[in-house]
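K.L.:
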Amino acid sequence: VPMNETVRLLLGSLEKTSEFVFPSPKTNNKLNQIKTSFRKAVDRAGLEDFRFHDLRHTAASRMAEAGASPFTLMKILGHSDIRMTSRYTHATDAAIHRAVGNLDAKSGFSDVSATKQEGQANGSP
1019 VPMNETVRLL LGSLEKTSEF VFPSPKTNNK LNQIKTSFRK AVDRAGLEDF
1069 RFHDLRHTAA SRMAEAGASP FTLMKILGHS DIRMTSRYTH ATDAAIHRAV
1119 GNLDAKSGFS DVSATKQEGQ ANGSP
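For what it's worth, the numbering used here labels the leading residue of the sequence shown as 1019, then goes sequentially.
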């Protein structure tokens, strides 16, 4: 399972009480399900209509916003078809504006845009 350094350090800092990363609090053996604990956490957070699977969509969207390519996400998520990956990634308004704004730097017109904004700030059209 791919993980970043933050997750690796966090998991490494946990007290080892079992051969399992997250042992059952009742038996210290394999944790069979987390449905009850997850539901309690969702309720305590005041979230409505939120499922465990939503975390997968959120992670995919955040990685896409951070610049991960669709093909990289496809591998991370274990999909065999890029169309399935597209169902998991949701572009935010900020990401869409950032992507379009990146064209300024690539086009060479960023100086024109800055000059126009300066003119508008000084009262020019």
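Note that beta-carbon positions come from the ideal geometry of N, C-alpha and C, so glycine has one too.
Just to confirm my understanding: we take residue 1104, look at its own chain, exclude 5 residues before and 5 after, and list those with CB closer than 8 Å. What are they?
P.N.:
In the sequence shown, residue 1104 corresponds to position 86, counting from 1. 1088, listed in sequence order.
K.L.:
For residue 1087, which of helix, strand or coil comes out of DSSP?
P.N.:
Taking the first residue of the sequence shown as position 1, residue 1087 is located at position 69. Correct three-state label for residue 1087: coil.
K.L.:
Using three-state DSSP, classify residue 1072 as helix, strand or coil.
P.N.:
As a first step, residue 1072 must be located in the sequence shown, where it is residue number 54. Residue 1072 falls in the helix class under three-state DSSP.
K.L.:
Less than 8 Å between C-beta atoms, sequence neighbours within five positions excluded: which residues of the same chain meet that for residue 1048?
P.N.:
As a working note, residue 1048 is residue 30 in the sequence shown. Excluding sequence neighbours, residue 1048 sits near 1038, 1041, 1042.
K.L.:
What's the gap between the Cα of residue 1062 and the Cα of residue 1052?
P.N.:
Taking the sequence shown and counting its residues from 1, one reaches residue 1062 at position 44. Taking the sequence shown and counting its residues from 1, one reaches residue 1052 at position 34. So the alpha carbons of these two residues sit roughly 15 Å apart.
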